[in-house]
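One structure is given here, and the rest of the page talks about it.
Structure follows, in structure tokens:
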């Protein structure tokens, strides 16, 4: 479970900008409070000290799509102790803003924290006929908002909040450096499509700790251009586990390196720890460690899939994202008996190299006999 609640705003040296008392927010969950919260942010952003924008406990604030822009003169904390709610009707969103809800742009040194709730009201978005779980013949375009997007923002802290029911990804960090996510609770139904808990791309120096994610897609997903990510004491499930990728789609180049997942629990999930790349791409995934990860009723605990494809019509290719120097240590627990606990689907043209397993222990099968994959002489096993 998440750790202790995020600290309340301090009276020592902080300038508190109360969105109700100072900026006229109503906080009844019905009145549009977007302008009040945005104006409070803009005012705090001009403060050359430490400004705290406060959405107080006991209130619900309806906020439409908006961007909180920096850089700011000092450091700004957005303190959510009440509830922030999105509009529930997809038809009320501007046509040019259907991919984001709350955006933080160039907001260096900011903190988003509190004991409150951010509610994306995603149900009607998930019910759109273009969503993949509806079985329609066309699955797109079907733009849906990411609940919280951090873009080109450095030295960012997110702590203590509950975030639920995003129409699409709950968090997306893009082109950031120095991100700390701690003690969050992220949730959406198991069948909610594309609701990744935390997605990171083109970002480096990321620490994700003490966080619980249950959703309908990846718990944490790591995209192209990501370096130096440390994930520890995270609990996932239900969902699709912790994923690197997918990478290399439509012939693109993608590089990911220095990823560590340690002391994690993955429960009732389709996948455990997964690396997925498309044929035809280029680049590399390297220096990845999965250590001390416990699986509880996970269908596919360990996967490397260099043949990732969303349909059956993907063509074979002679290029692929290179996967190397991957370590699995202390992976244990239970798995669904419909398939092997370990699957390595490695490219014929660009095979996986330096894959190491040690201390593995699954309930239903000996891993030494249950490894399924392609290529020889790429796997090192250590007891």
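Numbering (full-length UniProt numbering), first residue to last: 1 to 383. All C-beta atoms, glycine included, are put in the ideal place defined by N, C-alpha and C. Computed from a predicted model, the values in this text were never measured in an experiment.
Beta-carbon proximity check, residue 100 vs residue 146, cutoff 8 Å: Remark: C-beta atoms of residue 100 and residue 146 approach each other more closely than 8 Å.
Name the DSSP beta bridge partners of residue 50, please? Residue 50 is bridged to 14 and 75.
Sort 291, 239 and 117 by Cα distance to residue 233 and report the nearest one. Ranking the options by Cα distance to residue 233, first place goes to 291.
Give a yes or no on whether the minimum CB-CB distance between residue 168 and chain C is below 8 Å. No chain C appears in the structure shown, which is made up of a single protein chain.
When the Cβ atoms of the region 338–345 are set against those of the region 305–318, are three or more pairs found closer than 8 Å? Judged by Cβ distances under 8 Å, the region 338–345 makes contact with the region 305–318, as three or more pairs qualify.
How about residue 60 and residue 19: are their beta carbons less than 8 Å apart? Contact: no.
Across which residues does DSSP place residue 128 in a beta bridge pair? DSSP output for residue 128 lists no bridge partner at all.
When the Cα of residue 187 is compared with those of 323, 239, 349 and 259, which residue comes out closest? Minimum Cα distance to residue 187 is reached at 239.
Name the two residues that bound the continuous alpha helix (DSSP H) containing residue 37. Its alpha helix (DSSP H) spans residues 34–45.
Using DSSP's beta-bridge definition, name the partner residues of residue 295. The partner list for residue 295 (beta bridge, DSSP) reads 266 and 333.
Is the Cβ-Cβ distance between residue 266 and residue 245 less than 8 Å? No, the Cβ-Cβ distance between residue 266 and residue 245 is not below 8 Å.
Check residue 224 in the structure and name its three-state DSSP category. If DSSP states are grouped into helix, strand and coil, residue 224 belongs with coil.
Local Cβ density within 10 Å of residue 316, reported as buried at 16 or more and exposed below that: Only exposed fits residue 316, as fewer than 16 other CB atoms lie within 10 angstroms of its CB.
Please determine, among 180, 124 and 74, the residue with the shortest C-alpha to C-alpha distance to residue 165. Nearest option by C-alpha distance: 124.
Select from 227, 109, 107 and 252 the residue whose C-alpha is nearest the C-alpha of residue 286. Among 227, 109, 107 and 252, the Cα nearest to that of residue 286 is on 227.
Just checking my contact of residue 272 with residue 298 at CB under 8 Å: how many whole Å lie between their CB atoms? Indeed, because the Cβ distance is near 5 Å, the residues count as touching under 8 Å.
Roughly how far, in whole angstroms, is the beta-carbon of residue 52 from the beta-carbon of residue 77, given that I think they are within contact range, below 8 Å? Under the criterion of beta carbons closer than 8 Å, residue 52 and residue 77 qualify as touching, at roughly 5 Å.
Length of the line joining the Cα atoms of residue 369 and residue 339: Bear in mind that the predicted position of residue 369 carries a pLDDT of just 33, short of 50, making it unreliable; the figure below should be weighed with that in mind. Going by the C-alpha atoms only, they are around 12 Å apart.
If you compare alpha carbons, which of 350, 300, 56 and 46 is closest to residue 33? Checking every option, the nearest Cα to that of residue 33 belongs to 56.
Have a look at residue 44 and residue 330 and give me their C-alpha separation to the nearest angstrom. Whole-angstrom Cα-Cα distance: 47 Å.
Under the assumption that residue 320 contacts residue 350 (Cβ atoms under 8 Å), give the Cβ distance between them as a whole number of angstroms. That belief holds up - the Cβ atoms of residue 320 and residue 350 are roughly 4 Å apart, short of 8 Å.
Residue burial classification, residue 48 (beta-carbon count within 10 angstroms, cutoff 16): Exposed.
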